[in-house]
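Asker: Sending over a structure as structure tokens; questions will come in a sec.
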Amino acid sequence: MKKLLKILLVLVISLPAIIFGNAEKNKVYAKISGDYSYELIDDESAIILNYSGSEKNLVIPKEIGGKTVKKIGYGAFAECKSIETLEVPDTVISIENYAFSQCSQLQTMNIPDSVVSLGQYAFAGCNSLESLVIPNGIKSISYGAFFDCINLKSVEIPEGIKTIGGMVFGNCKSLESIDFPSTLTSIGGNAFVHCTGLKSITLPEGVTVLGSGAFQGCLSLEEVQLPDTLISIGQSVFQDCISLKSIFLPESVTGLGYASFSGCSSLKNINIPSQVTRIGNATFSGCASLENIEIPDTIVSLGDNVFSGCVSLKNIDIPDSVTQIGNSTFSYCSNLETVKLPKKLGEISTSLFRYCDKLDTVVIPNGVSSIQDTAFADCLNLRSVIFPDTISSNGIGSRIFSNSPKVVASVIEDSEAHLYMRRNGYAFSLINTGLNLDKKELTLNVNDSRKYVVILTPYTIANNSQLTWVSSNPSVATVDENGVVTALTEGEATITVRNINGLTDTSKVTITNRHVPITGISLNKKELVMKKQTTSGLRASISPSDTTEDKSLTWMSSDNEIATVSSTGLITARNPGEAIITVKTSNGISSTCTVTVISEITSVALNLTAITLEEGKSQLLRATINPNDTTDSKELTWKSSNPSVATVDQNGEVRTVKKGIATITVETVNGKKAECKITVIPAVENIPIENVTLNKTELLIEEEQTEELVATINPVNTTDDKTLRWTSNNEAVAVVENGLVMAKGVGEATITVITSNGKTATCRVTVTKKAVPIESVILDKHQLILKVGKSETLVAQINPIDTTDDKTLSWISNNETVAVVENGLVTAKAVGETTITVTTSNGKQDVCTITVFDVDTSKLEALVSQASAIEDIYTKDTYAILEIALKNAESVLENQDASQVEVNQAIADLENAINGLIERASQDLLNELQTKLEECKNLENDYTSEEFLELKLVIEETERLLETEFTNISANDVNQLLTELEEQKDNLLLLAARKELNTLLINANELLNGDLSDYPEDSIISLRSAVAIAKNLIDIQSKDIQLIQDATRNLNSALLGMQKVNKSDLEKLISEVNSLDSNKYTEVSWNALQTKLQEAVIIFNEPNVSQDEVDHIYNELLSVVNDLVLKVNKSALLSVINFAENIVNNIDKYKPNTVIGINEILEEAKNINESNLATQDEIDEITSRLVVAVLSARLDPKKL
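Note that UniProt numbering numbers the sequence shown so that position 87 is 87, with each residue one more than the last.
If you want it as structure tokens, here you go:
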């Protein structure tokens, strides 16, 4: 738990305080104009340093002290609580760090497109701001620019923005959605951290990087669309996005940062892209709803705590590509039932499965050399851990099974694991030679189930497909083909497993019907006071501790804005306030803890830390308390170190007194301080400007000419700023810059010069038109090809268009037999070439070369006839090209103006179209391809993805072909794919045949390398012969599938013929027969037994005898034994006959009623006595009846 707490503590992001820079950075010499303090950037522009006014609707002036406002300085308007609306002038190009931070009443603002730079935290803490339009001139948004604007609901980000810096919109809790520009490429760290109202984001294509914590703590974020260009997801990017249920990561992603999805308690579906090779620490820790996740075989390592606290995770299959798993990676996965560890794993790390309450069995891969401390500690229902003998000496750490009361280790005798279990008193069972169940005894409650693992020595986990499972009492417990035993009713059963080689093992299962319900739950704390951005763990105790109900717990917070709670009870304090943390058991019993989150003052900062002022001036200092949401009192105390130099009131208003230095200190209630160094200099005598004059009051100039006006300021020794500002009231006529007048167009304009204190002088400027001669004439064509008899007009353009010269033109042809021209209209007369010349009134000329031709269309006509006769049996596209070429050729033939070039081009196009025709696939051929495609697709489940890959590629190519319009599918393409499908199918069948043969070969070799004493010699010879044939085919990599299949059948038949001959029952029976006493049986039955016994002995001693022959002779011998006839004893019968005859001979002396029937019984007894076939039972039975008759006879005293 301490390890998990430590990691989660690291993950908590503390939102930054808004702290102004150091003294050296802000050391300025301030000029003051009204409510503004400013500093000159250059002779013409200024930066605003501070504002001490209280305007609600603030319009920042374009000029201060006669200087253009170009920049809003560091913290200039910070903590201005009065401003509700803001208008920034279009002269401003830069708004610097903290410029408007903590303007808590600012609701609306207009930032012009002239602004190209927004500084860090420029508008941070503007709590009343609801909407925002970022200027078009901004290309990147600086760190924290709009941080903590908690009521900001809508943002317009212009196209052109490439980067959104760190913390830009952090803690903007009301922001529900945002449209990103298509130009965006990266989002900085914590850019949208704790935007708890943000519900969905769609990032544009082009974004490659998400910085650390970019969307951390976005508690309402439900939907995320990531672009295919994304490469890196940084540390904690989506940490604690507790409403996010599903996200798809594009294949372009190559890295997942530390804790990138940690605490996403609702996340159920996520993929890991195939380019990711490592999963970093805590990536999915606390994802309480994550039930399963597929780890691709590109992953080579899992960091610490990757899945820690994933309480819904039930099964995990780690691919064999993974060689390293970090500490506590599956700790607190309280519902994890099964895990498959990779074959190449070298170490079981510290606390890897700690607190996995439902984990039943773990198989440690062969090759693991060390197991670290508490690896399986606190696993209350862990029953079996199977250890290899590869663990090095002292390679097992301390307390690996601490508080895991049910576990029994399966170990190899004298291995390090065996020695460790003995030294530490842990229960264990030895892995014996042969077949071993991991659980020798198992106690289950009714309706529970557990899975067995079967180990084959030396250390192989048996495949269930080669095992047979049997329950001795299915009414109590059943077992399925996968070795899962299910408890049905109270009682006991024995589970037996047998492999194909006849090896067996058993496990005793005891079923109880014990139900102990959960009756209560308690927390170790009922109340908890926490500082903001800290964590604390709650511990829940279920009563009674031995409950049989599900011990899974559900944790929830009444207000996730105040405090959140993880699936393991770890609370994170987020914002000041009170929240109730509730823990609930699986049967609905709950307990609560009241959490109060406080926020202490951590610092205080001033908007200025050093300033130089003249005597008698004032300056308002503004203090910013951090954090803004502190629960401490915000009362401040202001002090001056030297009130004789500068004083300060309790509102931060500084007044300078005399030359010197004083330090102004502001202090919070908990002793946090900030200082500003005030340097006071002597006041300077003021000589104002009285007037300004110009050297000219009127000016006459021609268009495009310039002339300089000279201004004179009076008096010359003024102390005012001597900067002048020049304006024109009609810039279409004349513009002015620093007194230089430039004529633009005909008309009048007034030029005005203005001093820094508003004094003016003017000059009236009259601009006249400038003469414009013709400079050139340009024809629209300089080459023209005409067919005999055709005409075309040439168009001449005189330049410039606004020339003041005569625009009359003259035209002439130098060979009128070829072509003539009139007012630009050229008419072709005969084949040849001539030049047309156009001349302006001032002699400017241009020429056009005229070529006259006639054409030959005979070849084109023949091709059109050929193409028209072609039937539509070709692909749609190639036939369409033919139709287009044919139509174009016909148009050329119909066009009387068509040139020979056009005719030749039409011929070439039509010939290419005819030659490019591709035969279309028939419907029968397409049906054949579709059938073959389905046949091949049905094979996929029979092979691995790697084996099926080549055929799959051909299948995908075939599907793409069939998805195209059928009229565009060529017969050649279909035939090619049919061939490729058949070839790849045959390759798979060959592969399957080889695999089947190889599997049988492995089984056969294992059998032949074992104890063969119980197998018939001829079956061994047969198997070895089959093995030799199979091995040869494998070694030469035979591609003859028929030979391979024949060898497979032969080898399988030989294996089936390898049946162990069990003669033990026959041996025992022979031994029993030899122990019989011949004197007890009749001669006939005894002789028959001896004959059959000799046959049995021969069979028993025969080495090549089959099991059927052994069983047959056993049954025959047993039958003869059962038919043995015991010799009879008639002595008792003979004695009774003598008594009975005496009674019969003297019957008149007996009472008649006591001797009834004695004669009949006596006669029957005599017959049996004389019979050689009478059995002992018959003799005993008649003897008994005759005895009764004799004893019943009574003498009659009267007749004696």
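Even glycine gets a Cβ: it sits at the ideal position worked out from N, Cα and C.
1) Leaving out the 5 sequence neighbours to the left and right, which residues in its chain are closer than 7 Å to I150 when beta-carbon positions are compared?
2) Grab me the residues of T647's own chain with a C-beta within less than 6 Å of its C-beta, minus the 5 sequence neighbours each way, in chain order.
3) Let me confirm a value: G165 is counted as buried when at least 16 other C-beta atoms fall within 10 Å, else exposed. Which label applies?
4) Here's the rule: buried if 16 or more other CB atoms are within 10 angstroms of the residue's CB, otherwise exposed. What is V28?
5) Between the Cα of V831 and those of G747, K759 and V818, spot the shortest distance and give me the residue it belongs to.
6) Where does Q1042 sit, in a helix, a strand or coil, going by DSSP?
7) Is DSSP giving residue 1256 helix, strand or coil here?
8) Should I701 and I678 be called a contact, given that it needs their Cβ atoms to be closer than 8 Å?
9) Should L784 and G824 be called a contact, given that it needs their Cβ atoms to be closer than 8 Å?
10) Helix, strand or coil for C936 per DSSP?
11) Since F1100 is in the alpha helix (DSSP H), which residue starts that stretch and which ends it?
12) Please confirm if the region 964-975 is in contact with the region 998-1008, defined as three or more CB-CB distances below 8 Å between the two stretches.
13) Using C-beta distances below 6 Å, list every residue in its chain close to N628, excluding the 5 sequence neighbours before and after it, in chain order.
14) I'd like to check one pair, P688 with D721: are the Cβ atoms closer than 8 Å?
15) Using 10 angstroms around the beta-carbon of E24, count the other beta-carbons present and answer buried if the total reaches 16, otherwise exposed.
16) Thinking just about the alpha-carbon of each residue, which of K759, V133 and F261 is nearest to the one in I270?
17) Looking at the structure shown, is V1188 part of a helix, part of a strand, or coil, going by DSSP?
18) If I measure Cβ to Cβ from V88 and keep anything under 8 Å in the same chain, skipping five residues before and after, which residues do I get?
19) For G206, collect the residues of the same chain with a Cβ closer than 8 Å to its Cβ; drop the 5 residues on either side in sequence, then sort them by chain order.
20) Assuming the contact rule is C-beta atoms closer than 8 Å, E578 and T592 should be a hit. Round their C-beta distance to whole Å, please.
21) Measure the C-alpha to C-alpha separation of E1181 and Q466 and round it to an integer number of angstroms.
22) Classify R1194 as buried or exposed, calling it buried when 16 or more other Cβ atoms lie within 10 Å of its own Cβ.
23) In angstroms, rounded to a whole number, what distance separates the CA positions of A683 and G119?
24) According to DSSP, is S114 helix, strand or coil?
25) Take the Cβ of Q239 as the centre, count every other Cβ of all protein chains shown within 10 Å, and call the residue buried at 16 or more, exposed below.
26) Can you give, in chain order, each stretch of the beta strand (DSSP E) that sits fully within the UniProt domain "BIG2" (517-595) and has at least 3 residues?
27) Sorted by chain position, which residues of the same chain lie with C-beta nearer than 8 Å to Y1114's C-beta, five sequence neighbours on each side aside?
28) Have a look at N1167 and E1083 and give me their C-alpha separation to the nearest angstrom.
29) So, under 8 Å CB-CB, W726 and N714 are touching, yes? Tell me the CB distance rounded to an integer number of Å.
30) By the 10 Å Cβ neighbour count, where 16 or more other Cβ atoms means buried, how is G652 classified, buried or exposed?
31) Can you tell me which of the three DSSP states T817 falls into?
32) How about L249 and E222: are their beta carbons less than 8 Å apart?
33) Got a sec, what are the start and stop residues for the alpha helix (DSSP H) Q783 sits in?
34) Decide if K770 is buried, meaning its Cβ has at least 16 other Cβ atoms within 10 Å, or exposed.
35) Helix, strand or coil for D720 per DSSP?
36) Does DSSP put E861 in a helix, a strand or coil?
Answerer: In this structure, then:
1) Within the same chain, I150 has close Cβ partners N127, N171, C172, K173 and S174.
2) Excluding the 5 residues flanking it on each side, T647 has same chain C-beta neighbours closer than 6 Å at S640 and R655, in chain order.
3) Classification of G165: buried, given that the 10 Å Cβ count is 16 or more.
4) Legend: pLDDT at V28 = 49, less than 50; position of this residue unreliable, no value from coordinates given.
5) V818
6) helix
7) The structure shown has nothing for residue 1256, since the chain only spans 1 to 1200.
8) Taking 8 Å as the cut-off, the beta carbon of I701 is found no closer than this to the beta carbon of I678.
9) no
10) helix
11) E1083 to N1101
12) no
13) G125
14) no
15) Confidence at E24 is low in this model, with a pLDDT of 40, below 50, so its placement is unreliable and the value that follows should be read with caution. Exposed.
16) F261
17) helix
18) I60, I72, I95, M109, N110, I111, P112 and V115
19) S182, T183, L184, T185, P227 and T229
20) Not really, about 12 Å apart at Cβ, beyond 8 Å.
21) 58 Å
22) When all chains shown are included, R1194 counts as exposed.
23) Roughly 34 Å between the two C-alpha positions.
24) coil
25) buried
26) 520-523, 527-531, 535-537, 540-543, 554-557, 563-565, 570-573 and 577-584
27) D1065, L1066, L1069 and A1096
28) 22 Å
29) Their Cβ separation, rounded to whole angstroms, is 18 Å, which puts W726 and N714 out of contact at 8 Å.
30) buried
31) coil
32) no
33) Looking at the DSSP string, Q783 is not in any alpha helix (DSSP H); the run it does join, the beta strand (DSSP E), is Q783 to K787.
34) exposed
35) coil
36) helix
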